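Each residue of the sequence shown is one higher than the one before, starting from 451 at the first, in our numbering.
Positions of the beta carbon are idealized from the N, C-alpha and C atoms, including for glycine.
Predicted, not measured: the structure shown is a model, and the values here were computed from it.
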Amino acid sequence: MNDSLNPYSIPNRNNNTQITVRLLSIYSLLLILIGTPCNLLCCIIYLQKANRSNSIKTIFGYLAFLDTIVLYTFNLNYVFREFNMDTPKPHFNNKYNNSTNPYPDENDNINGIIIKKNLEERSLFICRFLSYLAFSTLQTSSWVLAFGSFNRYLLIKKLSHFEFICKRRYTIAICLFLTCSFFLSNLHILWMNGYHSPYGSIVCYKNKYYPNYMVWYQRLHLIFYSVLPSIILFIFNILLIRIIFESKKRLDNHRRLVLFAAAATTTIPTSKRKNFLAIQQMSSSALKQTNKTSPSRLLNRHSRKLTISLIFITISYFTLTFPSTVIFSFFRSYIEPPALRRTISLLFTNLSTTTHAIRFFIYFFCSTDFRNDLYTLFLLKRFFRLKSIKKQERERHTTLHHTTPRQTTALYTTPLHTTSYPNNRQIEFQLISNKYQLDG
């Protein structure tokens with residue numbers, strides 16, 4: 451995915467291109483410097499003992515480990531090429547074409563030529579190993595993310611036949627299976643990628659006997675790294691988004707009915723509350739029956755935040771990786787001149803690698819549990835634990851404030867004599883009608 455043999459003349463190089471390439475190389479370096487500690491923090495937080503029982507957190511922790519490796523493949527190659535101290539080679543243009551005089555004189559033009567070598571061009575072993583590690587890790591990372599969406603959907607949907615997949619030992623086994631599968635399937639890169647040219651240099655991302663080998667492999671990489679995982683992610687994330695909206699709608703309806711019932715009970719005389727509390731008990735039982743059969747009953751606040759984190763990771767993955775993979779697979783070889791091709795390659799490589807460096811910030815802004823674990827990690831455990839306890843006390847006080855003692859007793863002691871459960875709109879209409887009858 452990187453250009454080989456990058457010679458350029460000092461006076462002929464475009465200054466704008468030079469500045470652009472240098473800025474993009476600095477961005478590659480920043481991705482490494484920022485992404486590495488952030489991903490390591492994700493590994494520490496999600497793989498600690500308290501989070502090992504949660505399968506999606508285990509997946510996030512392993513994904514952070516893979517993201518750290520990704521940062522040291524193509525990005526490190528670009529940083530090495532731009533910031534490595536290359537020795538300029540002098541080139542003498544004899545003004546009078548005097549080939550018999552090997553030494554320059556005052557009439558000769560002296561130009562300097564710098565050959566910028568990638569890290570992969572230092573040796574054939576580095577060329578093959580770095581490309582093998584990059585392709586294998588990228589493919590593994592995308593499929594682990596796709597498995598995370600599938601795992602999350604099974605956990606929320608509670609499908610009994612596939613529930614065992616959400617257990618920690620099966621989650622780890624599947625992640626290791628995906629890793630071994632892609633690392634074994636890409637072993638051909640270790641002996642087919644690159645060769646020694648007749649001039650003694652290393653030509654990477656080409657094969658001496660099969661010129662189109664890397665072109666076709668990059669198209670295959672497009673399918674396994676971007677197309678197939680994106681289809682799986684799209685399907686299961688749509689299903690997760692649907693469950694989130696259904697859960698939020700059901701929760702809002704339940705809160706609205708509870709607040710309405712509490713407000714209506716306070717305006718009804720004590721002697722006329724019997725029929726109203728019976729209907730209220732029926733509505734509570736109906737909501738319990740609905741939530742019991744619904745997969746959204748498990749989607750509490752923290753679980754919903756975790757699912758939202760997964761959805762945002764999926765969006766960033768598809769947005770940042772798909773365009774770069776298409777460019778490298780189909781259009782890069784047709785881009786001229788070579789300086790522009792190198793600049794575009796660097797731009798889209800940085801774009802695709804960004805998704806592997808920003809997941810820490812997605813976790814931080816979307817997941818309350820991740821923030822609490824991060825604060826705990828930096829010795830702020832007591833302060834934030836007290837803050838969490840106070841918040842829970844306020845929520846409990848608010849709930850008790852809207853529920854009278856008599857109402858609470860009726861909800862749990864009055865038997866239910868009906869076998870059919872009306873929906874929320876019927877319950878709300880019945881509550882309003884009964885209130886007006888009792889007030890009249």
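Counted as a single uninterrupted DSSP element, the alpha helix (DSSP H) harbouring Asn466 occupies residues Asn465 to Tyr496. Rounded to whole angstroms, the Cβ separation of Asn636 and Tyr582 is 6 Å, and the two are in contact under 8 Å. When only Cα atoms are considered, His671 and Gln589 end up about 8 Å apart. Contact annotation: the segment 476–492 touches the segment 799–811, with at least three C-beta pairs closer than 8 Å. When the five nearest sequence neighbours on each side are left out, no beta carbon in the same chain lies closer than 6 Å to the beta carbon of Pro773.
Straight-line spacing of the CA atoms in Ile682 and Ile673 works out to 12 Å. Beta-bridge partners assigned by DSSP to His646: Ile652. Taking the C-beta atoms as reference points, Tyr603 is found no nearer than 8 Å to Phe684.
Rounded to the nearest whole angstrom, the CA to CA distance from Gly485 to Tyr477 is 11 Å. A check of alpha carbon separations from Asn465 across Tyr528, Ala789 and Gly644 identifies Ala789 as the nearest.
Here the alpha carbons of Ser802 and Thr621 stand approximately 26 Å from one another. For the options Ile694, Phe815, Ser676 and Ser697, the alpha carbon positioned closest to that of Tyr767 is the one of Ser676. Take Ser592, set aside five residues on each side of it, and the residues of its chain with a beta-carbon closer than 6 Å to its own are Tyr675 and Pro679, in chain order. Considering only Thr470, Ser599 and Ser586, the residue with the shortest C-alpha distance to Ile519 is Ser586. The DSSP-derived three-state label of His638 is coil.
Beyond the five residues adjoining it in sequence on each side, Gln498 comes within less than 8 Å, by CB distance, of Asp823 in the same chain, given in chain order. Note that the C-beta distance between Leu580 and His646 is not below 8 Å. Annotation for Lys607: the continuous alpha helix (DSSP H) segment containing it runs Leu574 to Lys607.
By the beta-carbon neighbour count (other beta carbons within 10 angstroms, threshold 16), Ile688 is exposed. Distance from Glu570 to Asn527 at the Cβ level is roughly 6 Å; contact confirmed, criterion being Cβ atoms closer than 8 Å. Distance from the Cα of Ala584 is smallest, within the candidate group Ile694, Glu532 and Leu640, for Leu640. A direct Cα-to-Cα measurement between Phe781 and Ile765 gives close to 24 Å. For Ser631, the secondary structure class from DSSP, reduced to helix, strand or coil, is helix. In this model, Trp666 and Phe515 are separated by some 29 Å (Cα to Cα). The Cβ neighbour count for Arg844, taken over all protein chains shown within 10 Å, is under 16; the residue is labelled exposed. One thing to note: Arg618 has its Cβ no nearer than 8 Å to the Cβ of Thr775.
Distance from Thr793 to Thr523 at the Cβ level is roughly 19 Å; contact not present, criterion being Cβ atoms closer than 8 Å. Inter-residue distance for Tyr655 and Leu626 is about 28 Å (C-alpha atoms, whole angstroms). For Thr523, there is no enclosing alpha helix (DSSP H), as DSSP marks it with neither H nor E.
A buried status is given to Cys816, since no fewer than 16 other beta-carbon atoms sit within 10 Å of its beta-carbon.
By the CB criterion at 8 Å, Tyr663 and Asn657 fall inside the cutoff. The C-alpha of Tyr512 lies about 32 Å from the C-alpha of Asn534.
Its Cα nearest to that of Phe828, the residue Ile494 stands out among Ile482, Leu480 and Ile494. Bounds of any alpha helix (DSSP H) do not take in Ser676, whose DSSP letter is neither H nor E.
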